[in-house]
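Every position in the sequence shown, counted from 1, becomes a number in our numbering once 1 is added.
Below is one structure, written out as structure tokens; comments come after it.
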Amino acid sequence: MGKRVLADKKIKLTILTTKPANEAAPTVAELNAGIEACKKVLSDGFRFSPTASGTASAKALCGSNEEAFTDSNAELAFTLWRYYLEAGGIDPADDELFEAVMERGTTLWAYMRKTDKPATDAWVAAEEIRIGARFTVDYLRDPSAEAYISYEVPTAVEDFWTFRAVAAGA
2 MGKRVLADKK IKLTILTTKP ANEAAPTVAE LNAGIEACKK VLSDGFRFSP
52 TASGTASAKA LCGSNEEAFT DSNAELAFTL WRYYLEAGGI DPADDELFEA
102 VMERGTTLWA YMRKTDKPAT DAWVAAEEIR IGARFTVDYL RDPSAEAYIS
152 YEVPTAVEDF WTFRAVAAGA
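Pasting the structure below:
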């Protein structure tokens, strides 16, 4: 019999600044070259999931009301921390996620793994991508309450894919 696994520290989030050759099935090399965001994104308020699909309803004169799914929808919402050097100023090594999302209208790709593996483990071929998406960022917002310096990242998901496998290859 299998075991249940707590999701704590199991959610890997990778942001790509370059379009993968196949958006629905990026390669191991493409994913591992991306921005590892799991230590830069707050868990509070993080949402990366399909949402309710659009629907259309119709009823024949002598029939029952029929409803069908139309548009698929997803959301990606997160708040990121900024990192600073001990001597002062931005830490360029840890500021890559902020740099990627700071300009309104930037198109990026996000991929999330939610399995029994630790979030910081590298991607491997054939493992499951819970959700992947192409998205555009809006202006960064200051959170309503903050402890560490952080920014809310509003996004518009343009297209998404669920439960896909990581492709082998470079």
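Yeah, the Cβ is synthetic: ideal placement off N, Cα and C, and Gly gets one too.
| field | Pick from Asp160, Gly133, Thr137 and Phe70 that is closest to Gly55, judged by C-alpha positions | value | Along the sequence shown, read from residue 1 onward, the residue named residue 55 stands at position 54. It is Phe70.
| field | Of the residues Val6, Leu77, Asp160 and Met113, the one placed nearest Asn33, counting alpha carbons only | value | By one-based count along the sequence shown, residue 33 stands at place 32. Answer by Cα proximity: Met113.
| request: Within the same chain, show all residues whose beta-carbon is closer than 7 Å to that of Tyr85, passing over the 5 residues directly before and after it, in chain order. | output: Locating residue 85 in the sequence shown gives position 84, where the first residue counts as 1. Excluding residues within five positions, the ones whose Cβ falls inside 7 Å are Ile91 and Asp92.
| Within 8 Å, strictly: CB atoms of Thr80 and Leu43 | Indexing the sequence shown from 1 puts residue 80 at position 79. Indexing the sequence shown from 1 puts residue 43 at position 42. Going by C-beta atoms, Thr80 is nearer than 8 Å to Leu43.
| field | Residues near Met103 by beta carbon distance below 7 Å, same chain, minus five either side | value | On the sequence shown, position 102 is the one that residue 103 refers to. Around Met103: Leu141.
| message | Quick check: the Cα distance between Leu62 and Glu68, rounded to an integer number of angstroms? | response | Here residue 62 refers to the residue found at position 61 when the sequence shown is read from its first residue. Here residue 68 refers to the residue found at position 67 when the sequence shown is read from its first residue. Those two C-alpha atoms are separated by around 15 Å.
| request: Measure the Cβ-Cβ separation of Ala120 and Lys11 and say whether it is below 8 Å. | output: Along the sequence shown, read from residue 1 onward, the residue named residue 120 stands at position 119. Along the sequence shown, read from residue 1 onward, the residue named residue 11 stands at position 10. In contact: Ala120 and Lys11 (Cβ atoms closer than 8 Å).
| task | Let me know the secondary structure DSSP gives Phe99 once reduced to three states. | result | For the purposes of this step, residue 99 is identified with residue 98 of the sequence shown, where counting begins at 1. Phe99 falls in the helix class under three-state DSSP.
| Nearest-angstrom Cβ-Cβ length linking Thr15 and Ile36, presumed shorter than 8 Å | Looking up residue 15 in the sequence shown gives position 14. Looking up residue 36 in the sequence shown gives position 35. Right, the Cβ-Cβ distance comes to about 7 Å (below 8 Å), so this counts as a contact.
| task | Give the C-beta separation of Leu77 and Arg105 to the nearest angstrom, bearing in mind that I take them to be a contact with Cβ-Cβ under 8 Å. | result | As a working note, residue 77 is residue 76 in the sequence shown. As a working note, residue 105 is residue 104 in the sequence shown. The pair is not a contact, with the Cβ atoms about 15 Å apart (cut-off 8 Å).
| field | 6 Å Cβ shell around Glu31 - same chain, five flanking residues per side excluded | value | Position 30 of the sequence shown, counted from the first residue, corresponds to residue 31. Cβ neighbours of Glu31 beyond the five flanking positions: Pro21.
| query | Quick one: what does DSSP say Ala123 is sitting in, helix, strand or coil? | reply | Here residue 123 refers to the residue found at position 122 of the sequence shown. DSSP places Ala123 in coil when its eight states are reduced to three.
| task | Would you kindly report the start and end of the unbroken beta strand (DSSP E) that includes Ala157? | result | Mapped onto the sequence shown, residue 157 falls at position 156. Start and end: Thr156 to Ala166.
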